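In what follows, a single structure is set out as structure tokens and then discussed.
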Amino acid sequence: CYIDFDINNHRSNLSLAAAFVDATDSRYGFSSKHLLKLGGSELSRIKDSLLMDHEWGSKVAAVGESSVVTKLPQCGSRVVFRLYWDVAPLACENFATLCVNGGNSMDVCNNPKKPKPAPIGESGK
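Listed below in structure tokens is the structure:
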């Protein structure tokens, strides 16, 4: 399992720029719908295009003009945890649940033999 830390909302701001490129690639003449496949001159135009766009400019104003991000976060924003399912299956299940914000999907850890988790905070008696 892993946890991605979103330092200074870098990942969420990157997703805003990626959604902008995906939605407006033909309008602004981007060579791809995928932000990370764009060239240097295209990346340098994204911030100005976002700010001037009538529809998207208000979204940027809500998060702050300086928050437009077009590059992946630096290394070190992901922490990987090894979970020992055979030693402490309930603790692993609870931790994995927390990693996915309490979601029902536990596919992130690929554990084929998962016991039913005890509710967090209960002793299991």
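Position in the sequence shown counted from 1, then plus 227, gives you our numbering. Glycine included, every Cβ here is placed at the ideal spot set by N, Cα and C. Model, not experiment: these values are computed from the prediction.
Output needed for residue i: all residues of its chain with C-beta closer than 7 angstroms, excluding positions within five of it in sequence on either side, in chain order.
i	result
Ser294	Asn236, Asn240
Lys286	Leu243
Ser276	Tyr255
Going straight from the alpha carbon of residue i to that of residue j, what length do you get?
i	j	result
Gly330	Phe247	Since pLDDT at Gly330 reaches only 47, below the 50 mark, its modelled position is unreliable, and the value read off the structure follows with that caveat. So the alpha carbons of these two residues sit roughly 28 angstroms apart.
Glu269	Ala289	23 angstroms
Ser242	Val327	18 angstroms
Ala323	Pro316	10 angstroms
Lys298	Leu263	7 angstroms
His261	Leu325	30 angstroms
Glu282	Gly267	24 angstroms
Gly284	Arg272	14 angstroms
Val296	Val306	22 angstroms
Val314	Arg238	34 angstroms
Ala245	Phe257	12 angstroms
Gly291	Ala250	20 angstroms
Grab me the residues of residue i's own chain with a C-beta within less than 8 angstroms of its C-beta, minus the 5 sequence neighbours each way, in chain order.
i	result
Ser259	Val248, Asp252, Leu265
Tyr311	Cys319
Glu349	The predicted position of Glu349 is uncertain, since its pLDDT is 49 and thus under 50; no value can be drawn from it.
Alpha carbons only, please: which of the options is nearest the one belonging to residue i?
i	options	result
Met279	Tyr255, His261, Ala245, Lys298	Tyr255
Following the continuous alpha helix (DSSP H) through residue i, name the residue where it begins and the one where it ends.
i	result
Arg272	267-279
Leu241	237-255
Thr324	316-326
Residues in the same chain with beta-carbon distance under 6 angstroms from residue i, minus the five sequence neighbours each way, listed in chain order, please.
i	result
Lys274	Val295
Asn337	Note that Asn337 scores a pLDDT of 48, beneath 50, so its modelled location is shaky; the value from the coordinates is reported in the next line. Here the set comprises nothing.
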